[in-house]
Amino acid sequence: MNKYEVIFIVKLAEEEAMNGVIAKFESLIQNNGGSVEKIDRWGKRRLAYELKDHTEGYYVITHFAAPAAAVAELDRVMKITDEILRHMIIKKDE
Numbered sequence: 001m002n003k004y005e006v007i008f009i010v011k012l013a014e015e016e017a018m019n020g021v022i023a024k025f026e027s028l029i030q031n032n033g034g035s036v037e038k039i040d041r042w043g044k045r046r047l048a049y050e051l052k053d054h055t056e057g058y059y060v061i062t063h064f065a066a067p068a069a070a071v072a073e074l075d076r077v078m079k080i081t082d083e084i085l086r087h088m089i090i091k092k093d094e
């Protein structure tokens with residue numbers, strides 16, 4: 001398993017809704033054979049430019065280890081999730 005980090009921006013909503021989105025992706029990684037090492041919540045930040053009619057978002061960075069198939073599934077699900085404004089998955093050097 002390789003190590004990765006994913007940074008994503010969640011649409012601002014009630015705290016419960018944002019926590020639900022974060023938990024959804026944490027469980028997705030674990031259910032596909034990966035393990036979450038650390039979730040770093042940066043919190044609410046102003047965006048550099050407007051994304052999907054939003055000027056602010058909630059930034060989250062997740063460090064995890066997972067097989068390549070789990071990363072592909074994570075990317076696919078993040079692309080179709082309406083609550084995610086942007087995301088980027090990076091493979092870390094060993």
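In terms of UniProt numbering, the sequence shown opens at residue 1 and continues consecutively.
Glycine is no exception: its CB is placed at the ideal position from the N, C-alpha and C atoms.
All figures in this text were calculated on a predicted structure; none of them were measured in a lab.
| Item | Value |
| --- | --- |
| Boundaries of the beta strand (DSSP E) in which Lys91 is found, first to last residue | Ile84 to Lys91 |
| Start and end residues, beta strand (DSSP E) containing Leu74 | Taken as a continuous stretch (DSSP letters only), Leu74 belongs to no beta strand (DSSP E), being part of the alpha helix (DSSP H) at Ala68 to Ile80. |
| Under 8 Å between C-beta atoms of Tyr59 and Ile22 | no |
| Per-residue DSSP class, three states only, for Ala48 | strand |
| 7 Å CB neighbourhood of Glu37 in its chain, flanking five on each side removed | His63, Phe64 and Ala65 |
| Alpha helix (DSSP H) segment containing Glu16, residue limits | Glu15 to Asn31 |
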